[in-house]
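> Please see the structure below; I have some questions.
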Amino acid sequence: MKKYLTLENGDVFVGEACGDLGAEIEGELVFTTNMTGYQENLTDPSYKNQIITFTYPLIGNYGISLGTSQSDEIQASAVVVREMTDEVYHYQSVISLDAFLKQQKVPAISGIDTRQLTKIIRQYGTMKASLTNQPINAKKAEMAHQSSIVKSATRSVTDGQENEHVVVVDFGVKANIVRSLQRPGIDVTVVTPESTFEDISELHPTGILLSNGPGDPTDYSDFLPVIQKLQNQYPIFGICLGHQLLALANGASTYKMTFGHRGSNHPVRDLVTGEIYMTSQNHGYAVDIDSVKSTPLEVTATEVNDQTCEGLRYPGKPIFSVQYHPEAAPGPHDAKPLFDKFIELMHVNGGVH
Numbered sequence: 005m006k007k008y009l010t011l012e013n014g015d016v017f018v019g020e021a022c023g024d025l026g027a028e029i030e031g032e033l034v035f036t037t038n039m040t041g042y043q044e045n046l047t048d049p050s051y052k053n054q055i056i057t058f059t060y061p062l063i064g065n066y067g068i069s070l071g072t073s074q075s076d077e078i079q080a081s082a083v084v085v086r087e088m089t090d091e092v093y094h095y096q097s098v099i100s101l102d103a104f105l106k107q108q109k110v111p112a113i114s115g116i117d118t119r120q121l122t123k124i125i126r127q128y129g130t131m132k133a134s135l136t137n138q139p140i141n142a143k144k145a146e147m148a149h150q151s152s153i154v155k156s157a158t159r160s161v162t163d164g165q166e167n168e169h170v171v172v173v174d175f176g177v178k179a180n181i182v183r184s185l186q187r188p189g190i191d192v193t194v195v196t197p198e199s200t201f202e203d204i205s206e207l208h209p210t211g212i213l214l215s216n217g218p219g220d221p222t223d224y225s226d227f228l229p230v231i232q233k234l235q236n237q238y239p240i241f242g243i244c245l246g247h248q249l250l251a252l253a254n255g256a257s258t259y260k261m262t263f264g265h266r267g268s269n270h271p272v273r274d275l276v277t278g279e280i281y282m283t284s285q286n287h288g289y290a291v292d293i294d295s296v297k298s299t300p301l302e303v304t305a306t307e308v309n310d311q312t313c314e315g316l317r318y319p320g321k322p323i324f325s326v327q328y329h330p331e332a333a334p335g336p337h338d339a340k341p342l343f344d345k346f347i348e349l350m351h352v353n354g355g356v357h
């Protein structure tokens, strides 16, 4: 069965349908350079409403395993691959990738030149696209992509003792971020972005984590006044979208990147120590590094390849953020000690109880 990937610029790729054969979708077309970790990518809320192109030519060879997903369901709208295999070789696998996509009613297309497609995205930037069962006239196709705020119920993980308490503001949090905080002496409560400053304060946190999430950070402007109040009372750690929101809350600006950073091999230079970390990244927007100069914030890290802003801190306050993903799901572990840094800041500074 044929499937048609039609790009906003008029380019059309014809391939074989896989995943949910009947589903037709529209979304924002992006690519990731990850060689592994497709299950984590697909279930990462930061990929909400996006069509993921995997640049690695063979996807699905180790199947799908329990306990690896970063949320309860596939968040991506669709999948684009060069080849998707049903031959699964891994002792933890419980289902093939194709069966997983069918189960979750997510369409996919295989058998196309993902190298050529990636070059188009790099040249023209991320763009709207549709995945259909019949050819369409791209010029007449009306496609709309709206970033959606991931909403989750408040949930808590505790060992029943008097512990430090991290409140995670869930803009689309990855499960491994929560897992990275779960350790003896730490309670974790996850709240939605609809929470007020008073709602969060009533939980008596000793630290606030602003999570990753999908879309344009300016879509979350209603939460900026909450961040402005929180940063006067609590240690704060921002990751990815959380990093961008911390910047906006303090007067910096953000912009949409041409094709974003998506992959697990992005080198980041720590401007404080001079060290270079290999990092996992997934974002289409970035903090304008020049705009930070007029704020109380300080740039602490940059991407080696394009010099974009990768880290911020608020001098004199226990507040910092990073553009990349230190929870390493999937990706390198270079930045995982940042969770230890955040917890140490909570120990030293504490929150208002």
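Take the sequence shown: its letters are residues 5 to 357, numbered as in our numbering. Beta carbons: idealized from backbone N, C-alpha and C, even for Gly. Note that the structure is predicted; figures quoted are calculated from it, not measured.
Enumerate in chain order the residues of its own chain whose CB-to-CB distance from R233 is below 8 Å, with the five nearest sequence positions on each side excluded.
The sequence given here places Lys at residue 233; Arg does not occur at that position. Counting only Cβ-Cβ distances below 8 Å, and skipping sequence neighbours, we find F201.
> Between V352, A103, D102, K297, which lies nearest to P239 when the distance is taken from Cα to Cα?
Checked all of V352, A103, D102, K297; the closest Cα to P239 is V352.
> Roughly how many angstroms lie between the CA atoms of M147 and L135, to the nearest whole one?
Per-residue confidence for M147 stands at a pLDDT of 38, beneath the threshold of 50, marking its modelled position as unreliable; the derived number appears in the next sentence. So the two alpha carbons sit approximately 11 Å from each other.
> Helix, strand or coil: how does DSSP classify I78 here?
It is coil, neither helix nor strand.
> Which value, in whole angstroms, describes the spacing of the CA atoms of F58 and I78?
Looking at the two C-alpha atoms, the distance is approximately 15 Å.
> By the DSSP assignment, the alpha helix (DSSP H) with A179 in it spans what residues?
First-last of the alpha helix (DSSP H) with A179: 179-185.
> Could you work out which residue in A112, F324, N137 is closest to L316 when comparing CA atoms only?
Among A112, F324, N137, the Cα nearest to that of L316 is on F324.
> What residue ranges within the segment 8-49 form continuous alpha helix (DSSP H) runs of no fewer than 4 residues, ordered along the chain?
Counting only runs of 4 or more, we get 42-46.
> Of the residues R126, E32, A179, which one's Cα is nearest the Cα of S73?
Taking only the C-alpha atoms, the option nearest S73 is A179.
> Should I63 and G31 be called a contact, given that it needs their Cβ atoms to be closer than 8 Å?
Cβ atoms of I63 and G31: not closer than 8 Å.
> Straight-line CA distance for Y318 to H247?
C-alpha separation (whole angstroms): 12 Å.
> Grab me the residues of K109's own chain with a C-beta within less than 7 Å of its C-beta, minus the 5 sequence neighbours each way, in chain order.
These residues qualify, in order along the chain: D24, A27.
> Counting beta carbon pairs with one atom in the segment 15-22 and one in the segment 111-119, are three or more of them shorter than 8 Å?
Enough Cβ pairs lie closer than 8 Å, so yes.
> Does A133 come out as helix, strand or coil in the three-state DSSP assignment?
Residue state, collapsed to three classes: strand.
> Which whole runs of the alpha helix (DSSP H) in the segment 203-286 are 4 residues long or more, in chain order?
Fully enclosed alpha helix (DSSP H) runs of 4 or longer: 228-234, 245-253.
> Return the CA-CA distance between S81 and A251, expressed in angstroms with no decimal places.
One C-alpha to the other measures close to 29 Å.
> Can you give the Cα-Cα distance for D223 and V326, rounded to whole angstroms?
Rounded to the nearest angstrom, the two C-alpha atoms are 19 Å apart.
> Extract the residue ranges of the beta strand (DSSP E) inside the segment 88-112, only unbroken runs of 3 or more that lie entirely within it.
If we require 3 residues or more, the beta strand (DSSP E) runs fully inside the segment 88-112 come out as 97-99.
> If you compare alpha carbons, which of L185, M88, N137, V84 is closest to F343?
Comparing Cα-Cα distances from F343 to each of L185, M88, N137, V84, the minimum goes to L185.
> Should G71 go down as buried or exposed, given a rule of 16 or more other Cβ atoms within 10 Å for buried?
G71 should be labelled exposed.
> How far does the alpha helix (DSSP H) with R86 in it reach, from first residue to last?
Looking at the DSSP string, R86 is not in any alpha helix (DSSP H), and its letter there is neither H nor E.
> Does the beta-carbon of T262 have 16 or more other beta-carbons within 10 angstroms, so that it is buried, or is it exposed?
With fewer than 16 Cβ atoms within 10 Å of its Cβ, T262 is classed as exposed.
> Does DSSP classify L342 as helix, strand or coil?
Of the three classes helix, strand and coil, the one that applies to L342 here is helix, per DSSP.
> Spatial neighbours of G67 within its chain, please: CB distance less than 6 Å, with the 5 preceding and 5 following residues excluded, ordered by chain position.
Excluding sequence neighbours, G67 sits near V92, H94, S97, S100.
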